[in-house]
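**Q** Using this note's numbering, read the sequence shown as starting at -11 and increasing by one per residue.
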Amino acid sequence: MELMRWMELYRLATELGKSWRDGVRYSSAVIVCVFLWSAIHDRPVSWACEQEHWPKDLDFARKLPSQSAMSRRLRSKAVKELLDAMEQALRERGEEHWVKSIDSKPLVVGSYSKDSDAKWGKATKHGYAKGYKLHAIWGGRPMPEVWRLEAMNVHDSTAATELLPLLSGGGYLLGDGQYDSNRLYDLAGTRDHQLVAPRRQTAKGLGHQRHSPFRLRSIELQQKPFGKQLSRQRSDIERTFGGLTCFGGGLSPLPSWVRTKHRVQLWVHAKLLINAVRILRGPRLAVA
């Protein structure tokens, strides 16, 4: 199963990698494919640089880059651009829905980790942890519409201010009470999306301050059958994140060798690509 998923990503990387020349010994497609081999098997990059860990009849593995070359090239602009192009190609294979959801998933590291980029923050409703968060907007396609990695101490509403301006299309955007902010309602509205979120538990009334017309619309919607039906779909994103983690090669807890924001970002990117291929090859149970 891992080989089949990797082969599909390999074909996509080599196809998209033909659009530019790197002028180096190993193309960006080779670097990306070696990295994806390590990620799909939940192993370090150094493991994937050894031929003994590849199928003997796979021509690709006859000449592999060194671990130092991988470490250097994974930081390059060309590799990032190829990963982004693969992400967009997989996203476009799905049909965009008019109902989208926004939420975050904590990625915890050990309490005594020396990772200076990982921070303490609220990981669950009642608990704190050290690590990162994957913030994403899912819209029914194999890849999230937009996503962002932040330290655990970055509030969901703060990350949303970076995600919402990147939205395209239009429709409804569902979130929990953390996104009940006039600023976020306005940001979503400028991108042709109506944010629908329950009022924060601390909210006692509207008071006399100015409120976004999109927030007032959200409050009105949730009093009607249509709005109540919309709100019930908000939990779909939890199943989407669950699908991202529930298979071999998925986004399981961060392994010990994936530390610092750069490496975590790459690791999450790889896992999202792998998950997208899984969705496209099988039942779309994990798509919101």
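For glycine and all other residues, C-beta sits at the position ideal for the given N, C-alpha and C.
As the structure is a prediction and not an experimental result, all values here were calculated from the model.
Given a threshold of 16 other Cβ atoms within 10 Å of its Cβ, counted over all protein chains shown, does ARG247 qualify as buried or as exposed?
**A** Buried, since its Cβ has 16 or more Cβ neighbours within 10 Å.
**Q** Closest to ARG13 by C-alpha separation, out of MET58, LYS65, ARG(-7), LYS102, would be which residue?
**A** Per the Cα distances, MET58.
**Q** So, with DSSP's three-state summary, where would you put HIS123?
**A** HIS123: strand per DSSP, three-state reduction.
**Q** What first and last residue would you give for the beta strand (DSSP E) that runs through LYS93?
**A** Element bounds for LYS93: 87 to 96.
**Q** Which two residues bound the contiguous alpha helix (DSSP H) that contains LYS68?
**A** Looking at the DSSP string, the run of the alpha helix (DSSP H) that includes LYS68 is 65 to 79.
**Q** Between which two residues does the alpha helix (DSSP H) carrying LEU151 extend?
**A** Taken as a continuous stretch (DSSP letters only), the alpha helix (DSSP H) holding LEU151 covers 144 to 151.
**Q** Quick check on this structure: which residue in GLY98, HIS41, LYS6, GLU38 has the alpha carbon closest to the alpha carbon of LEU242?
**A** Looking at the Cα atoms, GLY98 is the closest of the given residues.
**Q** Just curious, the alpha helix (DSSP H) that GLU84 is in, first and last residue?
**A** Where GLU84 is concerned, there is no enclosing alpha helix (DSSP H), given that its DSSP letter is neither H nor E.
**Q** Using only CA atoms, which one of LEU209, ALA1, TYR160, LEU204 lies nearest to VAL20?
**A** The option with the nearest alpha carbon to VAL20 is ALA1.
**Q** Does DSSP put TYR100 in a helix, a strand or coil?
**A** In this structure, TYR100 counts as coil in the three-state DSSP scheme.
**Q** Can you tell me whether DSSP reads MET(-11) as helix, strand or coil?
**A** MET(-11) falls in the coil class under three-state DSSP.
**Q** Going by the beta-carbon positions, is the gap between LEU162 and TYR173 smaller than 9 angstroms?
**A** No; because the gap between Cβ atoms is not below 9 angstroms, this pair is not in contact.
**Q** Which residue wins for smallest C-alpha separation from SER156, given the options GLU84, HIS250, ASP103?
**A** If we check each option's Cα against that of SER156, GLU84 comes out closest.
**Q** Is the beta carbon of GLU(-10) sitting closer than 9 angstroms to the one on HIS41?
**A** No, these two residues do not count as a Cβ contact at 9 angstroms.
**Q** Taking the C-alpha atoms as reference points, what is the distance between SER104 and LEU4?
**A** Their Cα atoms are separated by approximately 35 angstroms.
**Q** In whole angstroms, what separates the C-alpha of HIS257 from that of LEU46?
**A** Straight-line Cα distance between these residues: approximately 25 angstroms.
**Q** On a Cα-Cα basis, can you pick out the residue from ALA77, ARG61, THR146, GLN217 that is closest to LEU(-3)?
**A** Minimum Cα distance to LEU(-3) is reached at ALA77.
**Q** Report buried or exposed for SER56, applying the criterion of at least 16 other Cβ atoms within 10 angstroms of its Cβ.
**A** With fewer than 16 Cβ atoms within 10 Å of its Cβ, SER56 is classed as exposed.
**Q** Just mark TRP126 as buried or exposed, buried being the case when its beta carbon has 16 or more other beta carbons within 10 Å.
**A** It is buried - the Cβ of TRP126 has at least 16 other Cβ atoms within 10 Å.
**Q** Once DSSP output is grouped into helix, strand and coil, what is the label at HIS181?
**A** In this structure, HIS181 counts as strand in the three-state DSSP scheme.
**Q** Give me the residue from HIS250, GLN217, ALA49 with the minimum Cα distance to LEU137.
**A** LEU137 has its Cα closest to that of HIS250, out of HIS250, GLN217, ALA49.
**Q** Taking ALA17 as the reference, which of VAL33, GLY230, LEU62, ARG(-7) has the closest Cα?
**A** When each option's Cα is compared against that of ALA17, the closest is LEU62.
**Q** Assign HIS114 to one of two classes, buried (16 or more other C-beta atoms within 10 Å of its C-beta) or exposed (fewer than that).
**A** It counts as exposed.
**Q** Measure how close the beta-carbons of ILE90 and LEU151 come, nearest whole angstrom, since I'm counting them as under 8 angstroms.
**A** Yes, ILE90 and LEU151 are in contact; Cβ-Cβ is about 7 angstroms, under 8 angstroms.
**Q** Considering only C-alpha positions, which residue in the set PHE202, GLN253, THR146 is nearest to LYS68?
**A** Of PHE202, GLN253, THR146, the residue nearest in Cα terms is GLN253.
**Q** Looking only at its own chain, which residues have a Cβ that is under 6 angstroms from the Cβ of PHE229, when we skip the five neighbours before and after it?
**A** These residues qualify, in order along the chain: LYS93.
**Q** I need the DSSP call for GLU138, collapsed to helix, strand or coil.
**A** Looking at GLU138 - three-state DSSP - the assignment turns out to be strand.
**Q** Relative to the C-alpha of LYS216, which residue among PRO186, LEU175, ALA27 is closest?
**A** Out of PRO186, LEU175, ALA27, PRO186 has the C-alpha closest to the C-alpha of LYS216.
**Q** Where does the unbroken alpha helix (DSSP H) through LYS212 begin, and where does it stop?
**A** No alpha helix (DSSP H) holds LYS212; DSSP gives it neither H nor E.
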